[in-house]
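Step one of this worksheet: look at the structure below.
In this note's numbering, the protein residues as written are 16 to 151.
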């Protein structure tokens, strides 16, 4: 492991969200890609609609200290580029001994992905597996 910390290194992310054209599809994709349970989709009541509440869904890791979310967008996003050629919308650290298990989950749920590639391009040695939500 590289002991030189790059400028702007991120040590912890409490949560992040992505926009989506298909909230149920994105939520189920994220559940299958990460193994996290889906929490209820929010913003789907008449009272919430009257208040213009965004329609969104979050998923929490076990200790609920980190979550990922998706918000339904008011306009359609353009189609994603070829797998591994577009900017990443998210990334996860996976222990080296767990890579095969994660690949099996991606394959089980027919999530498009690349083969694992060993790299040190970002400073630390690791393995990259690009995967994509088929809905973009």
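Glycine is no exception: its CB is placed at the ideal position from the N, C-alpha and C atoms. In this text, all values refer to a predicted model and were calculated from it rather than measured experimentally.
What residues are listed by DSSP as bridge partners for residue i?
i           : result
residue 152 : An answer regarding residue 152 cannot be provided, because it is not within the stretch 16 to 151 covered by the chain.
residue 31  : 83
residue 57  : 71
Look up residue i in the DSSP assignment and say whether it is helix, strand or coil.
i           : result
residue 62  : helix
residue 134 : strand
residue 128 : strand
Could you spell out the range, first to last residue, of the alpha helix (DSSP H) harbouring residue i?
i           : result
residue 141 : Run containing residue 141: none in the alpha helix (DSSP H); it sits in the beta strand (DSSP E), 141-143.
residue 45  : 38-49
residue 118 : 114-123
Could you work out which residue in the options is closest to residue i when comparing CA atoms only?
i           : options            : result
residue 48  : 83, 66 and 70      : 83
residue 72  : 60, 93 and 56      : 56
residue 93  : 36, 32 and 125     : 36
residue 5   : 66, 38, 65 and 59  : One cannot answer for residue 5 here, as it falls past the ends of the chain, which runs 16 to 151.
residue 109 : 66, 34, 58 and 143 : 143
residue 128 : 145, 33 and 97     : 145
residue 97  : 147, 33 and 45     : 147
residue 40  : 126, 141 and 132   : 126
residue 114 : 101, 100 and 133   : 133
residue 59  : 120, 67 and 91     : 67
residue 34  : 61, 69 and 63      : 69
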